[in-house]
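Residue numbers (the working numbering): 875 to 1325. Written below as structure tokens is the structure these notes are about.
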């Protein structure tokens, strides 16, 4: 039986913090990674894939917010799936969420290293990536309020820079550039591009990981989610379309720094504004890097607290009340991935975890609606069951498409899950009933009375 930790995370976060964490988690997707989708689909193919994935996230976030506000737990999808489907459901959802955030971190670190290398070619990508890992683990150990305040500052700068980018390049946009070879691989390229479109929005669900640290979560979590998603939809479409119309889009399709390359195409690499833009561009990457470290540490902390990971990972720093061992463990995983994988491989693995988690979350929503009709739901998914059904359908198509186009990486992903499940069973964890707040969330007494 897993007992609750006697230490508690501090409730200090407000809507502005949630917006900053949500946008901050995602915004690096506008700076790099998405352009890899052009390689497999072309500009128009990728635009179609992005619109499909945008529909996925709109329907998913509105549905996911019901779970987040009903069961405000640092474990996010792990807690929802456990309550809906039991120990194995929780295990798979927890594994998927861990993969999502733990691998998003090194992918973003590669992007940071590439931007630094663009500015200072003598500094290697790998050394920069490892340096940022260490620095931001220390910042997150310092404290949640301090790191969230930092998120607000850094995210505002990142959003401002993307708006500046669109302002600089938009006069050079030419439709014939964007429509040059728009579907080089036909409609099959649209499916191949889906995971790279996910990268535009991946990790926005990480707001759930700080649910236990939010003041008035019933009100503030929906505000944080919805405002963050609206911001990211506008930025994603603007950046992608304007970049694709500057010149031959093939020039940017395999780079880890497409925006600095686009700016240099417009202004010239020697222009001081190009260097200034690239320097400011680091803020967007730093915002996401910081956010994914925050979210992944809370997932590790929550699963360790529930006995699904070694219990020492759930210990909090006595001084800062932050999960320092969970942060350190996540940092070690990130560094290992940096040494062994490429940006493209790490992005695919991270997206695979995210999309599986989306599927399990929507299944959990359907089960809990039927299994626990009296669960207190401060925010209800609109247009139920249409929205969660659309989210589940698109997520399922995306997941199986990734397996088809990335079979070797899929084997690695499922091998990891099989190993975790085997250890889980050998230790008898599936027989232990958790005693956690998310196992006894408040019920809607008003609804019971009316019935």
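We treat Cβ as the ideally placed atom computed from N, Cα and C, and that holds for glycine.
TODO: Can you tell me which of 980, 1149 and 1266 puts its alpha carbon nearest to the alpha carbon of residue 1229?
DONE: That would be 1266, whose Cα lies nearest to the Cα of residue 1229.
Task: Through-space distance from residue 1029 to residue 996, alpha-carbon basis - done: 28 Å
TODO: Compare the C-alpha of residue 980 against each of 1220, 1281 and 913 and name the closest.
DONE: 1220
Task: C-alpha gap between residue 878 and residue 1112, whole angstroms - done: Per-residue confidence for residue 878 stands at a pLDDT of 45, beneath the threshold of 50, marking its modelled position as unreliable; the derived number appears in the next sentence. When only Cα atoms are considered, residue 878 and residue 1112 end up about 45 Å apart.
Open item on the list: Measuring alpha carbon to alpha carbon, tell me which residue in 888, 906, 897 and 899 is nearest residue 1152.
Closed with: Closest by C-alpha distance to residue 1152, out of 888, 906, 897 and 899, is 906.
Open item on the list: Could you compute how far the alpha carbon of residue 876 sits from the alpha carbon of residue 956?
Closed with: At residue 876 the pLDDT is 44, less than 50, meaning the model places this residue with poor confidence; the figure from the coordinates comes in the next sentence. Distance between the alpha carbons of residue 876 and residue 956 is about 14 Å.
Task: Entirely enclosed alpha helix (DSSP H) segments - the region 1237-1309, minimum 4 residues - done: 1260-1279 and 1281-1300
Task: Nearest to residue 888 (by Cα), restricted to the options 1098, 958, 1106 and 1011 - done: 1098
Open item on the list: Quick check for students: name the residue ranges of the alpha helix (DSSP H) that lie wholly in the region 1184-1214, counting only runs of 4 or more.
Closed with: 1198-1214
- [ ] Taking only the alpha-carbon atoms, compute the straight-line gap between residue 1162 and residue 1105 and give it to the nearest angstrom.
- [x] 14 Å
Task: First and last residue of the uninterrupted alpha helix (DSSP H) at residue 897 - done: 889-900
Open item on the list: Using the three-state DSSP reduction, which class does residue 886 fall into: helix, strand or coil?
Closed with: In the structure shown, the three-state DSSP call for residue 886 is coil.
TODO: From the DSSP output, read off the bridge partner residues of residue 1140.
DONE: None; residue 1140 has no bridge partner.
- [ ] Take residue 1259 as the anchor and find which of 1238, 1125, 1274 and 1210 has the nearest alpha-carbon.
- [x] Measuring C-alpha to C-alpha distances from residue 1259 to each of 1238, 1125, 1274 and 1210 identifies 1238 as the nearest.
Open item on the list: Here's a check: name, in chain order, each residue in its chain whose Cβ is nearer than 7 Å to the Cβ of residue 1241, leaving out the five neighbours to either side.
Closed with: If you ignore the 5 residues before and after residue 1241, its C-beta comes within less than 7 Å of the C-beta of 958 and 959, all in its own chain and listed in chain order.
Open item on the list: Nearest by alpha-carbon distance to residue 944: which of 986, 1092 and 1068 is it?
Closed with: For residue 944, the nearest C-alpha among the options comes from 1092.
Open item on the list: Could you tell me which whole alpha helix (DSSP H) segments of length 4 or greater appear in the region 996-1064?
Closed with: Scanning the region 996-1064 for uninterrupted alpha helix (DSSP H) segments of 4 residues or longer gives 999-1016, 1018-1043 and 1049-1052, listed from N- to C-terminal end.
Task: At least 3 beta-carbon pairs within less than 8 Å: the region 1001-1016 vs the region 1166-1185 - done: Counting Cβ pairs under 8 Å, three or more are found: they touch.
Open item on the list: Just to confirm, is the Cβ distance from residue 1056 to residue 968 under 8 Å?
Closed with: no
Task: Contact under 8 Å by Cβ, residue 1158 with residue 1038 - done: no
TODO: Could you pull out every residue in the same chain whose Cβ sits closer than 6 Å to the Cβ of residue 1207, ignoring the five residues on either side in sequence?
DONE: 976
Task: Selection from 1047, 990 and 949 that minimises the alpha carbon distance to residue 971 - done: 949
Open item on the list: For residue 1192, count the other beta carbons within 10 Å of its own beta carbon; 16 or more makes it buried, fewer makes it exposed. Which is it?
Closed with: exposed
Open item on the list: Quick check on the DSSP output: the alpha helix (DSSP H) that includes residue 1094 runs from which residue to which?
Closed with: 1091-1118
- [ ] Identify, in the order they occur along the chain, each residue of the same chain with its Cβ nearer than 6 Å to the Cβ of residue 1188, setting aside the five sequence neighbours on each side.
- [x] Within the same chain, residue 1188 has close Cβ partners 879, 1175, 1178 and 1179.
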